[in-house]
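**Q** Below you'll find the structure I mean.
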Amino acid sequence: MNLVPAELLTVTFTLFAVIDIIGSVPILISLKQKMGGMKELRATLISGALMILFLYVGEAFLNVLGLDVKSFAVGGSIVIFILGLEMVLGIEFFKGDADVKTATVVPIAFPLIAGSGTLTTIMSLKANYGVATLLIAIVINLIIIYIVLKSLGYIAKLLGSSGLSAIRKFFGVILLAIAVKIFATNAPGLIK
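Terminal number for the sequence shown in full-length UniProt numbering: 192, no gaps in between.
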């Protein structure tokens with residue numbers, strides 16, 4: 001296991017930006033109020049299980065579909081780019097499920113935390129980084145997610161609506177740059 005600190009930081013930050021747990025705080029606060037509470041640990045563990053499952057069996061799943069990791073990385077970079085645009089422009093391209101009755105799993109664990117963007121990003125990053133780096137980055141993000149879920153009220157008061165908006169736009173720009181890098185790294189080998 002050869003860990004490069006710069007790569008771990010990049011992967012951790014990329015997942016943090018895609019998961020966008022800070023940007024989801026307003027939605028999470030609303031869900032918590034509607035439900036009268038939230039099972040933070042359960043939501044964190046379910047989302048972590050989905051991410052780790054996709055890290056290990058995502059490639060086999062792609063092979064069944066006749067795809068390779070580079071193709072998925074290019075497709076994923078486009079999804080990440082669109083997510084970045086959403087965050088920067090404040091436009092919603094991807095529609096979420098509004099049902100709050102099963103909120104611990106849907107929509108909190110999936111798709112808010114471990115949504116299609118997160119799972120796509122994990123596969124895209126796997127094309128460029130080692131599994132150990134990805135696993136550690138996922139665990140770091142799960143710790144952050146749990147802390148954020150436990151501290152929703154405090155975070156909302158601390159940042160305010162303008163602070164949450166600024167953070168969301170900042171991470172959006174970072175995602176756009178990451179998407180361009182993933183695309184540029186993987187696209188040349190696909191075009192024959």
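From the three backbone atoms N, C-alpha and C, an ideal C-beta is built for every residue, glycine too.
Treat the numbers as computed from the prediction; the structure is a model and nothing was measured.
Excluding five sequence neighbours on each side, which residues of the same chain lie with their C-beta closer than 8 angstroms to the C-beta of I78?
**A** Position 78 of the sequence shown, counted from the first residue, corresponds to residue 78. Same-chain partners within the cutoff: A179 and F183.
**Q** Helix, strand or coil: which one does DSSP assign to V4?
**A** Walking along the sequence shown from the start, residue 4 turns up at place 4. Three-state DSSP puts V4 in coil, outside helix and strand.
**Q** If you run the structure through DSSP and keep just helix, strand and coil, what is G115?
**A** Start at 1 with the first residue of the sequence shown, and residue 115 comes out as number 115. Three-state result, G115: coil.
**Q** Out of A6, I91, A17 and A127, point me to the one whose CA is closest to N141's CA.
**A** As a first step, residue 141 must be located in the sequence shown, where it is residue number 141. Closest option to N141, Cα to Cα, is A17.
**Q** What span of residues does the alpha helix (DSSP H) with Y146 cover, start to end?
**A** The sequence position of residue 146 within the sequence shown is 146, counting from 1. Residues V131 to K150.
**Q** On the premise that G90 lies in contact with L175, defined as a C-beta separation below 8 angstroms, what is that separation, rounded to the nearest angstrom?
**A** As a working mapping, residue 175 is identified with position 175 in the sequence shown. As a working mapping, residue 90 is identified with position 90 in the sequence shown. Going by Cβ atoms, the distance from L175 to G90 rounds to 14 angstroms, so no, they are not a contact pair.
**Q** Within the same chain, show all residues whose beta-carbon is closer than 8 angstroms to that of Y146, passing over the 5 residues directly before and after it, in chain order.
**A** The count along the sequence shown starts at 1 and reaches residue 146 at position 146. Within the same chain, Y146 has close Cβ partners E40, L41 and T44.
**Q** Grouping DSSP H, G and I as helix and E and B as strand, with all else coil, what is A98?
**A** Along the sequence shown, one-based indexing puts residue 98 at 98. Model confidence at A98 stands at a pLDDT of 48, short of 50, so the residue's coordinates are unreliable and nothing is read from them.
**Q** What did DSSP end up calling K39 once you bin it into helix, strand or coil?
**A** Residue mapping note: residue 39 aligns to position 39 of the sequence shown, counting from 1. Three-state DSSP puts K39 in coil, outside helix and strand.
**Q** If you count every other CB in all the chains shown that lies within 10 Å of the CB of L119, and 16 or more means buried, which is it?
**A** Working through the sequence shown from its first residue, we reach residue 119 at position 119. Under this definition L119 is a buried residue.
**Q** Mind checking G23: buried by the 16 CB within 10 Å criterion, or exposed?
**A** Taking the first residue of the sequence shown as 1, we reach residue 23 at position 23. Buried, since its Cβ has 16 or more Cβ neighbours within 10 Å.
**Q** Between which two residues does the alpha helix (DSSP H) harbouring S77 extend?
**A** Within the sequence shown, the letter at position 77 stands for residue 77. Where S77 is concerned, the enclosing alpha helix (DSSP H) stretches over V69 to L89.
**Q** To the nearest angstrom, report how far apart G75 and E7 are at their CA atoms.
**A** Along the sequence shown, read from residue 1 onward, the residue named residue 75 stands at position 75. Along the sequence shown, read from residue 1 onward, the residue named residue 7 stands at position 7. Those two C-alpha atoms are separated by around 22 angstroms.
**Q** Give me the Cβ distance between I138 and M51, rounded to the nearest whole Å; I'm assuming they're in contact under 8 angstroms.
**A** Walking along the sequence shown from the start, residue 138 turns up at place 138. Walking along the sequence shown from the start, residue 51 turns up at place 51. Indeed they touch by this definition, with Cβ atoms about 5 angstroms apart.
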